[in-house]
Structures are given as structure tokens and as C-alpha cells.
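Presented below is the structure to which this report refers.
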Amino acid sequence: MLQLDRLSKHFGGVRAVDEVSLTVERGQIFGLIGPNGSGKSTTVNLVCGLFPVTSGRVLFDGEDITELPTHRRLAGGIARTFQNIRLFENLTVWQNLWVAQNGAEDRQQGFLKRWYSGNRQGRAEIEELLEFSRLHDKRDLLAGNLAFGEQRRLEMARALAAKPSFLLLDEPAAGMSQEELKQLSERIRALRERGATVLLVEHVMDLVMDITDRIAVLNFGRKIAEGTPEEIQANEDVRKAYLGGAAEQEEAASA
Amino acid sequence: MDFYLGLLQIIGVHTLLGLSAYIVLLTGQVSMAQAGFFAIGAYVAGMCTVMFGFHILPAILLASLLASLVACAVGFPALRVKGLMLVVATLAFGEIVRLFFFNVHWQVERNGAMVGPEGPEGFRRIRYFPENGWTSIDITAFIWVIVILVMLALWWMDRSRAGAVLRAVGHDETAAQSVGINLTAVKVSAMTAGGFIAGLGGSIYAHTTTHVEHLIFSVVLATFAIAYPILGGLSHVMGTLLAVVFVQVFLVEVLRFMGDWRNMLFGALIVLVMNLRPHGLLGEQPARMFDFLRSRSRREETHAAT
Ligand SMILES: Nc1ncnc2c1ncn2[C@@H]1O[C@H](COP(=O)(O)OP(=O)(O)O)[C@@H](O)[C@H]1O
Ligand SMILES: [Mg+2]
Chain A
1 MLQLDRLSKH
11 FGGVRAVDEV
21 SLTVERGQIF
31 GLIGPNGSGK
41 STTVNLVCGL
51 FPVTSGRVLF
61 DGEDITELPT
71 HRRLAGGIAR
81 TFQNIRLFEN
91 LTVWQNLWVA
101 QNGAEDRQQG
111 FLKRWYSGNR
121 QGRAEIEELL
131 EFSRLHDKRD
141 LLAGNLAFGE
151 QRRLEMARAL
161 AAKPSFLLLD
171 EPAAGMSQEE
181 LKQLSERIRA
191 LRERGATVLL
201 VEHVMDLVMD
211 ITDRIAVLNF
221 GRKIAEGTPE
231 EIQANEDVRK
241 AYLGGAAEQE
251 EAASA
Chain B
1001 MDFYLGLLQI
1011 IGVHTLLGLS
1021 AYIVLLTGQV
1031 SMAQAGFFAI
1041 GAYVAGMCTV
1051 MFGFHILPAI
1061 LLASLLASLV
1071 ACAVGFPALR
1081 VKGLMLVVAT
1091 LAFGEIVRLF
1101 FFNVHWQVER
1111 NGAMVGPEGP
1121 EGFRRIRYFP
1131 ENGWTSIDIT
1141 AFIWVIVILV
1151 MLALWWMDRS
1161 RAGAVLRAVG
1171 HDETAAQSVG
1181 INLTAVKVSA
1191 MTAGGFIAGL
1201 GGSIYAHTTT
1211 HVEHLIFSVV
1221 LATFAIAYPI
1231 LGGLSHVMGT
1241 LLAVVFVQVF
1251 LVEVLRFMGD
1261 WRNMLFGALI
1271 VLVMNLRPHG
1281 LLGEQPARMF
1291 DFLRSRSRRE
1301 ETHAAT
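Note that the protein sequences, when read in sequence, are chains A and B. Here the first sequence stands for residues 1 to 255, where the numbers follow the working numbering. Here the second sequence stands for residues 1001 to 1306, where the numbers follow the working numbering.
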């Protein structure tokens, strides 16, 4: 469904993403892991088209979308969440979803429907999303006034409002409690059941190992391994690069 | 009496000017081009009535449409840049417009007299209102009907999805793009609408003063235009009107005795207000009152739907 073909992104001298190739099949939950600064978020941004690529191609459903602007990619079914939450804090919870629906809506429908109110079906879908994200009693709060966990849920709901076929989640578990983590993995599984494909960028290993079908590992912008969760856990390079890096961080944190 | 009517007219015209900047500011763009669109409205509407004998309504409409067309054309390149660069770019555009009218010398003969813009001398005898027997009360009422219509339109837009989209873009362009919003389309639309509203203000202004010249449409006017919505805040269209009343009645009229010191005070007060009330004079409260009303009606709708 999504195919990255020798994708690179350099920021000046920094090779944030370096010749990364990978393929995500329809219906998969695909994990993308790696130490901090290894290029995961940059990869997500390239798939969404927020940066121009340095070289390489992004293919979606077999089509080359490397040059497509971000909003057109969304209309094509690619939605995302941000690592550092970026809600429309000046809008209410309800409006955040309402706005996000607009981008994906059928352009055939009338101008007024699209820009004034949206249609009935759309509103029913917002209700459903609020229910799914357990935010129905917060609908009239400004998004900026939500608690952290609620903001994360709203961000995911906002991505889902566009009814994407492909969802990019950039570290959705960051800062979550054990309880919230469990709910998150349930919600991601529920998404797959509905037919979505998910690219899960994550730092929390338990979550990734638990719910992904396949994992790719980045280190310094390069893909150093790919395989099933079991294979990745057994992989020596990954241990060295990733787990070693994590151990160093832990040491640094405890020091 | 005439003094108060004149004041009401100025407030009306400046409200239109402020609202034209308001809609652009909703998308997070600080445009200093509004005085330029205002100038286009003023000159073109004046030419229509004075030189070609148009009725006032088609003259205003034509001038405003032309202003919005120019705004649309300016919007495409200008909105590629952000922040300070946009301020500079739009400022430059405003000056170009001003210098253009500084140089326009185009007169035709009507009823035995030469009429039309005379370059640096300005455009005199835009006397549609007196020639057609409009009293000050008529003019004031006319202006306020237009102001109220524009405010209603913007208020309606504000509570529609288009309004939420504009605010989303104003808050975070990256996030807005990522939920499928076409930034260029949204920003250029806002600019075009702003151009139209500024054009309305300008064309009315030209007819109430009967004499315009390039100096009026300077950076000072552009500053006023953007200061109104900043002072009034973006929570509600009423904020801009309130800011205009505050500036025109309190700062300009009440403090008239202070002479040139007034301008300094004007700057200082804007800084003060922005510090004390970062969300504008009205603050965020009215928006919330509004949200409450809005969501209640919406909830009823959805209940009816399910
Ligand atoms: N907009 C940017 N400008 C310059 N450098 C960037 C930018 N975004 C990311 N980088 C750099 O690219 C590298 C990869 O970053 P990122 O993709 O955010 O990593 P990760 O998400 O895996 O933690 C880092 O070295 C980071 O400093
Ligand atoms: Mg990251």
C-alpha cells in the first residue's frame, strides 16, 4: 500500500533519512522504531508531504505521490498524528473534528454543505468518533483546555475524521500511563478491524512488539533491520543500536 | 448634529477597513495591503460616478470587485511568505498603489467641466451624494446598512465551517495542511474577501469626503486597518467595531486637544492594550458565550438526526 523507494532527506549536512526503502502492505500494523533522532518523524513528514524529499520516491497504492501537496495526500487517504500534539487549540473539540472532515469530503457536494455546515452523515460520524475516543462530554471545550491524554485522543480522532485508509501515528504513546497505553493498543487494533492500515512510530517497545505485524528499525537515518517483532527482538544490530542506545539513555537518566 | 453624523460615517468606513483586515488576520496573516485595496475602491468608485455617471450602487460594486480581484492576484505571491516578510511585501504593495494614484492623471469632460483624478492634486468633486440630494442622514443610514450587512455576513461565516477552517489555518498551518486544508486556497480566499470589504469601505469613503488624494492611503491608514482587529480581538466581529469606536471616538475626538501628541499616545495605547488584553478588548469571553449557543443548537440538530 505504501512504498518508500530509497527515500532520503538531508537537512544541510544532517542525513535525517538516508536511502530508506520499505513496503507496508494493506491491513498491516507496521512499526517504525529507532533511537531518538534516527529519522522516524522525518519519515512521517515525507510520507505526508510536509517537506520536499532530497531524493527517492513515495508510492501510495502504486501511484507516485512524491510531488503531491499535503492536502491532496489527505484526500487520497493518508492521515497522521503529530509527536508533539498540534491541535487547533483555539477551536472546540467538536470543531477540530468538523474542520478535519472538510478536507476529505467529497468535492461533488454543494459549496454550502462543504463550507457552511457539513452534512448530516458527517455530523453523525463526528458523534461516533467522539464516542470512540471517549470525548463526547468534552465536545464544547476548547481543545487547548483538554488534559494531555485527552489531547492525544483528540488528535487521533481528528486524523480519523478524514476517514483515512492509511494512518500514520507518530509516537502516540509518549507520556501515557499504563492504563492509557492499554486503551491505545485496543483502539489501534479496532482501527485495523475497520480496515485501516497503520504505520506506528513508537518508542515504547512493549506496545510495538505487542501489536505490530512487521517492524522496521532506523538508526541515524538508515534502515538497519526489518522483520517480524520476534526477528527484531532477536536481531543483534538492533540490540546494539537501539537497545544499547536506550540503555545509555537510561544510564544518563539515572546518573 | 452633523458632527455626530460625520463621526458615525467615519466609524462605519473604518469598521469596513478593520473588518477587511480581520478576515485576513483570522488566517494568521498580518496584511498591510488593506489601505491599498481601500484606495482602489475609493478611486474606482469615484471615477464610475463622476466620470461615467454610474449610479452609486453599481459603482461601489464594481470598485469593490476590482479591489477583490487585485487582492486575489496579490494574494498568490504575497501569501507564500510569512510573518515579517509578509508585512514588508504587503506594505510595498500598498505603497505601489499609492504611487500609482499619485501618477494617475485622467480627466474627462462632463457638463462642461473637467473631472477625474489629477495626479498629486488628488481626485476632487466626487459629489454624487450632494448632487443627488442625499442628506447627511441618508448617507449615514446608507453606510450603516452596508456595514451591518457585512458584519452579518462575517458573523455568519465565522460560525460556519469556513470560519473554523480560517481559524485552524491561523492557529497552525502545518496541522491544517495535514487535515487536508488547502492553505493557498484558504488564504487567497480570505485575502480576496478582505479586498472586497476594503474596496467597499474605500468607495464609500471617497463619496463621503468628496475629495481623495494619494496621501490618505499611506502606511498610517494601513496601520489603522490592522490595529482594529488586533485591538478588538479575533473572538468576534463586534470586537473590530468596538476597537474602531474606541480609537475614533476616544483617541481621535476626545483627545483632539492633545494635538500631535495623540499619535504617540495611540501607539502607546495599542501596546498597552495588547499587553493587558492579549486577546483584544473583548477578550475570549464572547466567543465562549457564542460557543454555548452554537453547540446547543447543534446538539438539538444531531439529536433530531439520530
Ligand atoms: N526541520 C528540521 N530541520 C533541521 N533538522 C531537522 C529537522 N527535523 C529533523 N531534523 C533532524 O533530523 C534528525 C532526525 O530527526 P527526527 O526525524 O525528528 O527523529 P526521530 O523522530 O526519530 O526522533 C535529527 O538529527 C534532527 O535534528
Ligand atoms: Mg520523532
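A virtual CB, placed ideally from N, CA and C, is assigned to each residue, including glycine.
What does residue i pair with, by DSSP beta-bridge criteria?
i, result
"B:E1118", "B:H1105"
"A:D213", "A:D213 is not bridged to any residue."
"A:K223", "A:L218"
"A:S8", "A:S55"
"A:D206", "DSSP, once it has assigned bridges, lists no residue as partnering A:D206."
"A:R80", "A:L168"
"A:T23", "A:Q3"
"A:F30", "A:L199 and A:R214"
"A:V17", "A:K9"
"A:E63", "A:F60"
Looking at residue j and residue i, is the spacing between their C-beta atoms short of 9 Å?
i, j, result
"B:I1040", "B:V1097", "yes"
"A:G34", "A:A241", "yes"
"B:S1218", "B:D1002", "no"
"A:F258", "A:R80", "The question about residue 258 of chain A has no answer, for chain A in this structure spans 1 to 255."
"A:T212", "A:S165", "no"
"A:I258", "A:R189", "What the structure shows of chain A is the stretch from 1 to 255, and residue 258 of chain A is not part of that stretch, so it cannot be assessed."
"B:H1382", "A:E89", "In the structure as shown, chain B starts at 1001 and stops at 1306, and residue 1382 of chain B therefore has no counterpart that could be examined."
"A:H256", "A:T70", "No answer is possible for residue 256 of chain A: the residues shown for chain A start at 1 and end at 255."
"B:G1194", "B:V1024", "yes"
"A:L207", "A:A173", "yes"
"A:V201", "A:I224", "no"
"A:N102", "B:I1181", "yes"
"B:I1230", "B:I1197", "no"
"B:F1129", "B:H1207", "yes"
"B:I1148", "B:Q1009", "no"
"B:G1239", "B:L1026", "no"
"A:T92", "A:L142", "yes"
"A:V99", "A:I78", "no"
"A:F226", "A:L22", "Reading off the sequence, residue 226 of chain A comes out as Glu, not Phe. Yes, the pair counts as a contact, with Cβ atoms nearer than the cut-off."
"A:G144", "A:L68", "no"
"A:L7", "A:V17", "yes"
"B:L1086", "B:S1020", "no"
"A:E150", "A:K138", "yes"
"B:L1007", "B:V1249", "yes"
"B:L1255", "B:L1241", "no"
For ligand 2, I want to know if residue i counts as a neighbour, meaning its beta carbon is within less than 8 Å of at least one of the ligand's heavy atoms.
i, result
"A:E155", "no"
"A:D18", "no"
"A:V201", "yes"
"A:R170", "In the sequence on display, residue 170 of chain A carries Asp and not Arg. Yes, ligand 2 has a heavy atom inside 8 Å of this Cβ."
"A:Q83", "yes"
Rounded C-beta distance between residue i and residue j? I'm assuming under 8 Å.
i, j, result
"B:V1070", "B:F1037", "7 Å"
"B:Y1228", "B:V1252", "Incorrect: roughly 13 Å between the Cβ atoms, too far for contact."
"B:L1016", "B:V1150", "6 Å"
"B:P1117", "B:F1101", "7 Å"
"B:S1068", "B:G1202", "That pair is no contact at about 12 Å."
"A:L199", "A:L168", "5 Å"
"B:Q1034", "B:A1225", "4 Å"
"A:Q83", "A:D5", "That belief does not hold up - the Cβ atoms of A:Q83 and A:D5 are roughly 24 Å apart, past 8 Å."
"B:T1192", "B:G1046", "Between B:G1046 and B:T1192 the Cβ distance is about 22 Å, and since that is not below 8 Å, they are no contact."
Between residue i and chain D, is there a C-beta pair that is closer than 9 Å?
i, result
"B:A1021", "Among the protein chains in the structure shown, which are A and B, there is no chain D."
Just jot down, in chain order, the residues whose CB lies closer than 6 Å to any heavy atom of ligand 1.
Chain-ordered list of matching residues: A:F11, A:V14, A:A16, A:G34, A:N36, A:G37, A:S38, A:G39, A:K40, A:S41 and A:T42.
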